[in-house]
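One structure is given below, encoded as structure tokens.
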Amino acid sequence: MSGFEIAGAALAVAGLLLSIRGAVDGYILLTDICEKDNGLRFAATQYYVEKVKLRVWAERFKVDDEANCLLPAQPRITRDAVWRIIAEINATHELAVDFIAKYRAEPAALPTAAAAAAAGPETFHRQSKWVAMVRDARARVPQNHRVSWAARDRAKFTELIARLGVLNSDLWDVVTPDDTDTVRIVTGVLSGLRDQLALATLQSSPTNSPASLLAFATQLKQMQGQSVSDLATKVVTIDATELHVQNGASNDTASRFRGTYTSKSPGSLPAPVWLEWKAISKDNDSLGEIEQRIRALGALLTTPNAAAFHRPTCLGLYDDAAYRERTGGSRRIGFVYQLEGNASALPVTLLDLLREAAKSRSRPPLGERFGLAYKLAEALSLFHAADWVHKSLRSDAVLFESGGGGAIATPLIARFQYSRPAADSSLESRPAEVPELDVYYHPDVVAQGWNKVREIYSLGMILLEIAHWRPVFEARFRTMAPKEVARSVLDDVEGKFGEDLAGLVGRKFVDVIKCCLTGDFGVASGASADESKALSDAFFQKVVKPLASLSA
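Here the numbering used here is used: the sequence shown runs in plain steps of one and ends on residue 584.
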């Protein structure tokens with residue numbers, strides 16, 4: 033006889049919720065011991081992944097909200113399976129009590145605020161002063177009973193963690209995760225892991241689920257922790273013998289160009305490609321440093337791709353020597369992207385589609401716009417979890433392959449910007465002084481630079497365009513300062529225009545837009561480790577999850 037039959041459905045569900053919360057707490061209790069010994073780094077990292085998976089599962093079923101919990105609505109056989117799995121998880125935690133009592137040490141104390149400020153920003157490459165301070169703090173934590181740990185208990189404890197992982201997988205097998213759950217697991221794991229060795233362990237693990245997306249995202253985050261000079265050496269380059277560029281004699285650096293790429297690999301056939309340029313003036317005193325940063329960006333763009341990131345496949349970097357010769361030393365460096373599917377022309381931009389729709393007074397079906405909005409938010413959550421800030425998120429950076437007739441189901445995000453050195457006078461990473469494009473930028477970007485919260489503002493502008501299916505720019509903005517533009521747009525969304533828009537796309541969509549525009553995520557920037565984790569959680573709950581739930 034099951035627990036549900038003994039106690040009654042309502043009482044059993046209440047007890048199950050308590051058991052699930054106890055299981056989550058048990059994971060938290062075990063975290064410290066996993067972090068104390070570098071020999072257990074693999075187990076500790078895997079353990080952290082399983083903890084996030086359990087937490088996402090609990091969020092999915094609203095375990096902390098008994099009035100709206102989804103478990104009572106599940107079939108009885110499903111609830112009974114969940115009960116049994118949670119019971120096993122809790123029993124496994126109880127087996128760990130002796131290990132915790134024997135080996136638990138005080139957690140490493142992080143640097144004080146004053147010491148951290150003196151060490152500089154919380155960057156995570158190996159030469160970082162901040163990382164060195166944390167490493168030294170961890171080194172001072174004693175490891176009790178090292179001999180018995182190494183000789184006997186390490187293997188037992190590793191086996192215990194593996195058992196928890198199997199049980200957690202069983203819990204997810206009861207209800208198959210959807211795309212939203214997958215993204216939540218990946219962003220939850222990455223936003224909580226800052227240690228480079230832990231990231232390396234996670235990247236090489238064959239047992240993560242969802243394996244491919246988590247591995248790609250982890251690789252990107254690990255690369256973000258490397259120095260620009262190291263990263264620049266890893267870029268894939270394409271030389272002139274492999275690439276034919278249409279209109280290559282033109283000195284245009286703003287437009288995208290078509291071309292044909294034939295790899296030197298044996299048996300390679302010509303493939304259609306398109307290029308996006310980065311230009312550096314010969315008179316720029318930072319030319320060498322900027323080139324290095326472009327190459328570092330190229331290394332990130334040429335990493336293995338995953339569909340959820342919604343970025344085009346970058347084949348490599350092309351340094352246009354003919355352009356350098358024609359201009360007496362200026363540079364034009366192109367990112368070479370693969371033309372997908374049956375596309376025979378350059379991708380079209382979201383901005384192009386919006387302008388055309390304004391002329392024809394048309395809109396795509398509401399369901400397609402909901403899907404586009406979700407996919408862009410999904411992609412941004414993954415980029416930010418990997419500590420990658422796009423720095424130029426605008427409607428002209430959202431592309432669609434023209435081979436599909438302009439369909440908006442599969443967006444691609446391009447026009448990534450490199451990190452700008454202080455002496456660089458180029459327009460990278462800051463507004464282009466073109467009102468139609470500057471409208472997407474948070475008003476504080478010019479004076480204070482980019483961060484994740486300010487980039488979410490740019491997403492809010494794009495979501496507003498998707499909801500209305502018209503360009504957000506208006507002629508009156510030309511004479512307004514950036515802060516005035518931002519205030520005007522928000523006033524419109526919070527006023528009659530927003531009410532009318534809610535009638536078209538629903539209140540939930542409009543609330544998401546307002547959240548992005550106001551930065552209502554409870555953090556200032558999302559730059560520090562704690563803020564990054566908090567922002568990831570809040571962005572999922574307030575943006576990704578609501579957009580995923582929209583239906584026409």
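Just so it is clear, CB atoms sit at the ideal spot from N, CA and C, and this is done for glycine as well.
Because the structure is a prediction, the values reported are computed rather than measured.
Using the rule of at least 16 other Cβ atoms within 10 Å of the residue's Cβ for burial, across every protein chain shown, is residue i buried or exposed?
{"i": "Q449", "result": "buried"}
{"i": "I109", "result": "exposed"}
{"i": "R358", "result": "exposed"}
{"i": "A353", "result": "exposed"}
{"i": "P336", "result": "exposed"}
{"i": "T265", "result": "exposed"}
{"i": "P298", "result": "exposed"}
{"i": "D528", "result": "Note that residue 528 corresponds to Lys in the displayed sequence, not to Asp. By the neighbour-count rule (16 or more Cβ atoms within 10 Å), K528 is not buried but exposed."}
{"i": "A187", "result": "exposed"}
{"i": "V466", "result": "exposed"}
{"i": "E107", "result": "Before going further, note that residue 107 is Pro rather than Glu in the sequence given. So P107 ends up on the exposed side."}
{"i": "R568", "result": "The sequence shown places Ser at residue 568, not Arg. When all chains shown are included, S568 counts as buried."}
{"i": "S581", "result": "exposed"}
{"i": "R393", "result": "exposed"}
{"i": "L102", "result": "exposed"}
{"i": "E410", "result": "buried"}
{"i": "L127", "result": "exposed"}
{"i": "A41", "result": "At A41, the pLDDT of 43 sits below 50, so the modelled position is not reliable; the number obtained from the coordinates is stated separately. By the 10 Å Cβ count, A41 comes out exposed."}
{"i": "E563", "result": "buried"}
Which first and last residues belong to the beta strand (DSSP E) in which residue i is found?
{"i": "W306", "result": "A303 to I312"}
{"i": "D351", "result": "C346 to D351"}
{"i": "R116", "result": "Note, R116: premise wrong, no beta strand (DSSP E); alpha helix (DSSP H) at R108 to L127."}
{"i": "T335", "result": "T335 -> no beta strand (DSSP E), and no H or E assigned at all."}
{"i": "G551", "result": "That residue, G551, is in no beta strand (DSSP E); it is neither H nor E in DSSP."}
{"i": "V521", "result": "First-last for V521: P514 to E526, but that is the alpha helix (DSSP H), not the beta strand (DSSP E)."}
{"i": "V575", "result": "Unbroken run through V575: none, as it is neither H nor E."}
{"i": "V430", "result": "V430 to F432"}
When you compare each of the options to residue i by their alpha carbons, which one comes out closest?
{"i": "T190", "options": "R401, L245, V576 and H125", "result": "H125"}
{"i": "I494", "options": "A429, R539 and A513", "result": "A429"}
{"i": "L301", "options": "K565, E274, L307 and A286", "result": "E274"}
{"i": "A119", "options": "D213, L496 and L203", "result": "L203"}
{"i": "E82", "options": "A409, G220 and A331", "result": "G220"}
{"i": "L398", "options": "A418, A499, L408 and I326", "result": "A499"}
{"i": "V544", "options": "Q573, D569 and K528", "result": "Q573"}
{"i": "V517", "options": "S564, V555, L469 and D552", "result": "L469"}
{"i": "F432", "options": "V466, L371 and Q480", "result": "L371"}
{"i": "Q251", "options": "L222, R447, V260 and L102", "result": "L222"}
{"i": "A339", "options": "T550, A439 and L245", "result": "L245"}
{"i": "V575", "options": "V114, R87, T212 and S201", "result": "T212"}
{"i": "V260", "options": "L86, R325, L386 and T334", "result": "R325"}
{"i": "R519", "options": "H342, T550 and D532", "result": "T550"}
{"i": "H474", "options": "A513, P443, R327 and L333", "result": "A513"}
{"i": "F341", "options": "R447, A249 and E563", "result": "A249"}
Residues in its own chain within less than 7 Å of residue i by CB, not counting five upstream and five downstream?
{"i": "R462", "result": "A caution first: R462 carries a pLDDT of 49, below 50, which makes its placement in the model unreliable, though a value can still be read off. Only V477 and V478 meet the Cβ criterion."}
{"i": "N279", "result": "F289"}
{"i": "R395", "result": "A389 and W501"}
{"i": "K546", "result": "V525 and E526"}
{"i": "G554", "result": "A566 and A570"}
{"i": "L533", "result": "A499, H500 and V542"}
{"i": "F93", "result": "C101, L102 and L103"}
Can you find the residues in the same chain that come closer than 8 Å, C-beta to C-beta, to residue i, ignoring five residues on each side of it along the sequence?
{"i": "S434", "result": "A375, S376, A377, L378, P379 and V380"}
{"i": "L425", "result": "L412, I445, Y472, E487, S490, L491 and I494"}
{"i": "P503", "result": "L383, L386, R387, A390, S427, E468 and E497"}
{"i": "I117", "result": "L199, D202, L203 and V206"}
{"i": "S583", "result": "G399 and F402"}
Over the uninterrupted alpha helix (DSSP H) stretch that includes residue i, give me the two end residues.
{"i": "T190", "result": "R186 to V206"}
{"i": "H276", "result": "First-last for H276: L275 to V277, but that is the beta strand (DSSP E), not the alpha helix (DSSP H)."}
{"i": "G399", "result": "L398 to A417"}
{"i": "Q480", "result": "V477 to Q480"}
{"i": "I488", "result": "K484 to H500"}
{"i": "R387", "result": "L382 to S392"}
{"i": "V260", "result": "V260 to A264"}
{"i": "D470", "result": "P467 to D470"}
Spatial neighbours of residue i within its chain, please: CB distance less than 6 Å, with the 5 preceding and 5 following residues excluded, ordered by chain position.
{"i": "I312", "result": "L319, I322 and R363"}
{"i": "S350", "result": "Ser is not the amino acid found at residue 350; the sequence shown has Tyr there. Only I270, L275, G366 and V368 meet the Cβ criterion."}
{"i": "L382", "result": "S427 and V430"}
{"i": "A113", "result": "V206"}
{"i": "G197", "result": "E82"}
{"i": "P578", "result": "K540 and V544"}
{"i": "L522", "result": "L549"}
Counting only beta-carbon atoms, is residue i nearer than 8 Å to chain B?
{"i": "P104", "result": "Reference to chain B is not applicable here, since this structure consists of a single protein chain."}
- Message: Contact between the stretch 392-404 and the stretch 482-491 is defined here as three or more beta-carbon pairs at a separation below 8 Å; is this criterion met?
- Response: Contact between the stretch 392-404 and the stretch 482-491 is absent, with fewer than three C-beta pairs closer than 8 Å.
- Task: Please determine if the stretch 503-511 and the stretch 539-553 are in contact, where contact requires at least 3 C-beta pairs separated by less than 8 Å.
- Result: Counting Cβ pairs under 8 Å, fewer than three are found: no touch.
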